[in-house]
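Visitor: Sequence lines, in order, name chains B and H.
Per our numbering, the very first residue in the first sequence carries number 769; after that it's consecutive.
Per our numbering, the very first residue in the second sequence carries number 191; after that it's consecutive.
Structure in structure tokens, see below.
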Amino acid sequence: MSAVLEAQGVVKELGQGAGKIRALKGVDLTLEAGELTLLMGPSGSGKTTLLSILGCILSPTEGTVEIGGENAVGRTAEDLADIRRRHIGFVFQQYNLFPTLTAHENVRLALDVRGDRGTAASDRAKEALTKVGLAHRLNNYPRNMSGGEQQRVAVARAIASAPSLILADEPTAALDTENGRAVMALIKEISRDKSRAVLAVTHDPRTLPFADRIIHIEDGRIVSDERPAPSAGESAAKPEATPKPAPPPASADTPATIAPIIVRVEPQSSQPASTAPPQQISIRQKRKNRKRRKGHG
Amino acid sequence: MILKLAFRNLVHDRIRLTVTLVGILFSIVLVAVQLGLYLGARKMIVGMIENAKADIWITSFGAKSFEEAGQLTGRERYGALSTPGVDAVTPIVVSFAEWRKPAGGSTLIVLVGTDPADGGLAPWNVVDGVGSDLTTPDAVIADRTYIRDLGVSRLGDTAQIESGKVKLAALTSGIRSFTMAPYIFTTLNRSRSLLAMPQDQATFLLVKASDPADVPALQSRLSARLPGSDVLTKAQFIGRSLDHWLFATGAGVALIGGAILGLIVGTVIVAQTLYSSTKDHLNEFATLRALGSSSGYIHKVILWQAGLSALLGYLIGMAVAMVIVHFSEQTALPIVMTPWLAAGLLALTVFMCAISAVSAIMKVTRIDPAMVFAR
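Right, dumping it as structure tokens:
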């Protein structure tokens, strides 16, 4: 596997004067091609800030970011837009489709932005939509599509230009269980491309079974970086911290070869990390988990 | 895709599109009417001067316009005729006079005494009767626009100018007066008689140059020979008349002011609707930016929105303006629409909409693509 993205010592300060806060406090991260990495963490932990920096939307206060070997720090807004255009595809929580354009036009627009026009671009847009199973919905407007279908259009838009990095922001948060699983399966599928890395920010535990790698961020620092143990037949990817295996949700769509895990590394922040053992889960949480498993079934 | 996105953004909100188009329509109609009136006024002011076959006009000193000029003494004609390079000198008489209607009452007219056979100023666009009928006894020619104001209805009807009897011999079309006092053509001698003027007096001397290329030099020679008169080329007399009626009286300033007001109103309305449309589509523009579009790409979308609004608004506005122009044709204050004015209005509309897009472009330039993660 080759590194698609390398970030070193990324610090981001937001605000000014007395209101200034350090959203990221020195993040080192490398994303390898052919992997689906999940970035998890509580609200305010710096997930979205990190995603924005890795996506060349924000510039770091300190540190380096290289995408496809290209330095993305200290560049102008137009230069960053150019890097995004050439290297990055985005999938957003609320899909961010253009309501006045059809599915096919939405995908074509992303190609048009890159200067890809004409019949070839139209064919590539169709191909991308076919890849996500929407060949029959080319001429439908977003308002006539389900949330799952809209997110699949967004995935098609992200992959149409064959970027080396796909960044997904809570891709399942607005979807029900079934659609969320379908979209994650799709994202997992596109991450298998050996020329592409996928990073998804998520709160959703349903996404865990699909991950090749799980990064936890808290208080602006990466507190754990794990590769779930592959089951027989999968190529081994050693976890960097000791995983605590948990039973996989019963789901036909869940890749059987990936053992979902819950990883916990002591955070280096001043806030004490939760040390509650699994058996101390509250009754309410148990009920929630039971419901979720039923949903998966 | 830029054009498609711009069009879809535009028609997505029909109510806002309607407001935009109504704004542009009002603006176009207002500007078209004001500038059309200006052109109409210009045509009326310079109509006589442009239609006279003269390279040079000799007037009394300080003559303001065709209607407002003093009388020449009569000696000027001989001075002009003896100047090298002069082919012909034709006197005409122009003066305000009173028209007494056959059924009672009177109105002010501008009496034009001319002998068309001498190659001076002949009535044009004769639509009823013939121009040569002017030589018949008591004959006058009027424009059909004014026959109701003159209290006559058909050829052969009689009236009085000052104390002399006149008979309507022919009607013209489109010879209107900016002063609202109708032009009445008659022969030179009859006009002198009606106005009780000496036989050799005239208001203007129309000079035909032997060599049209020699006009500037001829003007200098005539000026030297006739120091008590104004010697003006056709263009200079047109300019002086326009200056007097349109700018010295303030009439033209009001028309141009109205046109500028129309432009400002249109610009503000289009700017407001474009800005609010851009604000509504801000998330989409942020998404475009996040997808890597250059700011130029987004500016083009907004400019196309402005351009399409301009085009649609222009077509509707011009359709309404043409209806107004049509209905004004037979009035004493016609609105003139020329191909140049129509093309100019299109350019003005596009310019107005482009200026309107500036506020929207400034808004979108400050867009933070990170907002796509904050929804």
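Heads up, the beta-carbon is just placed ideally off N, CA and C, and yes, glycines get one too.
The model shown is predicted, which means the values in this text are computed figures rather than measured ones.
Taking residue 297 (chain H) and residue 262 (chain H) to be in contact with their CB atoms under 8 Å, please state how far apart those CB atoms are, rounded to whole angstroms.
Guide: Start at 1 with the first residue of the second sequence, and residue 297 (chain H) comes out as number 107. Start at 1 with the first residue of the second sequence, and residue 262 (chain H) comes out as number 72. Rounded, the Cβ-Cβ distance is 27 Å, inconsistent with contact.
Visitor: Using a Cβ-Cβ cut-off of 8 Å, state whether residue 868 (chain B) counts as contacting chain H.
Guide: Numbered from its first residue, the first sequence carries residue 868 (chain B) at position 100. Judged by the 8 Å Cβ criterion, residue 868 (chain B) is in contact with chain H.
Visitor: Comparing alpha-carbon positions, which option in H:444, H:390, H:360, H:199 lies nearest residue 333 (chain H)?
Guide: The count along the second sequence starts at 1 and reaches residue 333 (chain H) at position 143. That would be H:360, whose Cα lies nearest to the Cα of residue 333 (chain H).
Visitor: Starting from the C-beta of residue 1038 (chain B), find all residues in its chain whose C-beta is less than 8 Å away, skip the five residues before and the five after it, and write them out in chain order.
Guide: Working through the first sequence from its first residue, we reach residue 1038 (chain B) at position 270. Note on residue 1038 (chain B): pLDDT 38, under 50, position unreliable in the model; the coordinate value appears next. Closer than 8 Å at Cβ, skipping near neighbours: 987.
Visitor: With 8 Å as the limit, tell me which residues of the region 802-827 of chain B have their beta carbon closer than that to any beta carbon of chain H; keep them in chain order.
Guide: Within the region 802-827 of chain B, the qualifying residues are 816, 819, 820, 823, 825, 826.
Visitor: Should the region 930-942 of chain B be regarded as contacting the region 959-968 of chain B, the criterion being three or more beta carbon pairs within less than 8 Å?
Guide: Yes: at least three Cβ pairs fall under 8 Å.
Visitor: Does DSSP classify residue 808 (chain B) as helix, strand or coil?
Guide: Taking the first sequence and counting its residues from 1, the one referred to as residue 808 (chain B) is at position 40. Strand, per DSSP.
Visitor: Since residue 820 (chain B) is in the alpha helix (DSSP H), which residue starts that stretch and which ends it?
Guide: As a first step, residue 820 (chain B) must be located in the first sequence, where it is residue number 52. Residue 820 (chain B) -> alpha helix (DSSP H) spans 815-822.
Visitor: Tell me where the alpha helix (DSSP H) around residue 529 (chain H) begins and ends.
Guide: On the second sequence, position 339 is the one that residue 529 (chain H) refers to. Unbroken alpha helix (DSSP H) run through residue 529 (chain H): 529-555.
Visitor: Going by C-alpha to C-alpha distance, which of B:780, B:800, B:794 sits closest to residue 770 (chain B)?
Guide: Position 2 of the first sequence, counted from the start, is the residue given in the question as residue 770 (chain B). Here the closest residue by C-alpha is B:800.
Visitor: For residue 375 (chain H), which option in H:417, H:325, H:423 has the closest C-alpha, if you only look at C-alpha atoms?
Guide: Looking up residue 375 (chain H) in the second sequence gives position 185. Selected option, being the one with the closest Cα: H:325.
Visitor: Which residue wins for smallest C-alpha separation from residue 432 (chain H), given the options H:216, H:246, H:253?
Guide: Within the second sequence, the letter at position 242 stands for residue 432 (chain H). Answer by Cα proximity: H:253.
Visitor: Using only alpha-carbon positions, find the residue among B:873, B:920, B:984, B:944 that is nearest to residue 956 (chain B).
Guide: In the first sequence, residue 956 (chain B) corresponds to position 188, counting from 1. Selected option, being the one with the closest Cα: B:920.
Visitor: Taking residue 487 (chain H) as the query, report the chain B residues whose CB atoms sit under 7 Å from its CB, ordered along the chain.
Guide: Numbered from 1 along the second sequence, position 297 holds the residue referred to as residue 487 (chain H). Neighbours of residue 487 (chain H) on chain B, chain order: 881.
Visitor: Using the Cβ count rule (16 or more neighbours within 10 Å means buried), how would you classify residue 356 (chain H)?
Guide: As a position in the second sequence, residue 356 (chain H) is number 166, starting the count at 1. Residue 356 (chain H) should be labelled buried.
Visitor: At 8 Å on the CB atoms, spell out the chain B contacts of residue 194 (chain H), in chain order.
Guide: Walking along the second sequence from the start, residue 194 (chain H) turns up at place 4. Near residue 194 (chain H) (Cβ distances below 8 Å), the residues of chain B are 869, 873.
Visitor: Taking Cβ-Cβ distances shorter than 9 Å, what residues in chain H pair up with residue 850 (chain B)?
Guide: Stepping through the first sequence from its first residue, residue 850 (chain B) is reached at position 82. Neighbours of residue 850 (chain B) on chain H, chain order: 482, 484.
Visitor: On the three-state DSSP scale, how would you describe residue 205 (chain H)?
Guide: As a first step, residue 205 (chain H) must be located in the second sequence, where it is residue number 15. Note: residue 205 (chain H) maps to helix in three-state DSSP.
Visitor: Does the CB of residue 191 (chain H) have a neighbour CB from chain B at under 8 Å?
Guide: Within the second sequence, the letter at position 1 stands for residue 191 (chain H). So, interface residue.
Visitor: With a CB to CB cut of under 8 Å and the five nearest residues on each side skipped, what residues in its chain are close to residue 1003 (chain B)?
Guide: Along the first sequence, one-based indexing puts residue 1003 (chain B) at 235. Summary for residue 1003 (chain B): the model assigns pLDDT 42, below 50, so the residue's position carries little reliability; its value from the coordinates is reported in the next sentence. The answer is none, since no qualifying residue turns up.
Visitor: Keeping to the same chain, check which residues put their C-beta closer than 6 Å to that of residue 384 (chain H); ignore five residues upstream and five downstream.
Guide: By 1-based counting over the second sequence, the position of residue 384 (chain H) is 194. Cβ within range, chain order: 351, 352, 354.
Visitor: What are the residues of the region 936-954 of chain B that lie near chain H, defined by any Cβ-Cβ distance shorter than 8 Å?
Guide: From the region 936-954 of chain B, only 937 have a Cβ closer than 8 Å to chain H.
Visitor: Are there three or more Cβ pairs, one per stretch, closer than 8 Å when the region 830-838 of chain B is compared with the region 878-890 of chain B?
Guide: No contact exists between the region 830-838 of chain B and the region 878-890 of chain B.
Visitor: In the DSSP assignment, what residue or residues form a beta bridge with residue 289 (chain H)?
Guide: As a working note, residue 289 (chain H) is residue 99 in the second sequence. Partner(s): H:297, H:351.
Visitor: For residue 780 (chain B), list the residues DSSP reports as bridge partners.
Guide: For this step, residue 780 (chain B) is matched to residue 12 along the first sequence. Residue 780 (chain B) pairs with B:792.
Visitor: List, in order along the chain, the chain H residues whose C-beta lies closer than 9 Å to that of residue 846 (chain B)?
Guide: On the first sequence, position 78 is the one that residue 846 (chain B) refers to. The answer, in chain order, is 484, 485, 486.
Visitor: List, in order along the chain, the chain B residues whose C-beta lies closer than 7 Å to that of residue 474 (chain H)?
Guide: As a working note, residue 474 (chain H) is residue 284 in the second sequence. Correct list: 866.
Visitor: If you measure from the beta carbon of residue 202 (chain H) to each beta carbon in chain B, is any gap under 8 Å?
Guide: Along the second sequence, one-based indexing puts residue 202 (chain H) at 12. With 8 Å as the cut-off, residue 202 (chain H) counts as an interface residue toward chain B.
Visitor: To the nearest angstrom, how far is the alpha carbon of residue 793 (chain B) from that of residue 539 (chain H)?
Guide: By one-based count along the first sequence, residue 793 (chain B) stands at place 25. By one-based count along the second sequence, residue 539 (chain H) stands at place 349. Using only the alpha carbons, I get a separation of about 54 Å.
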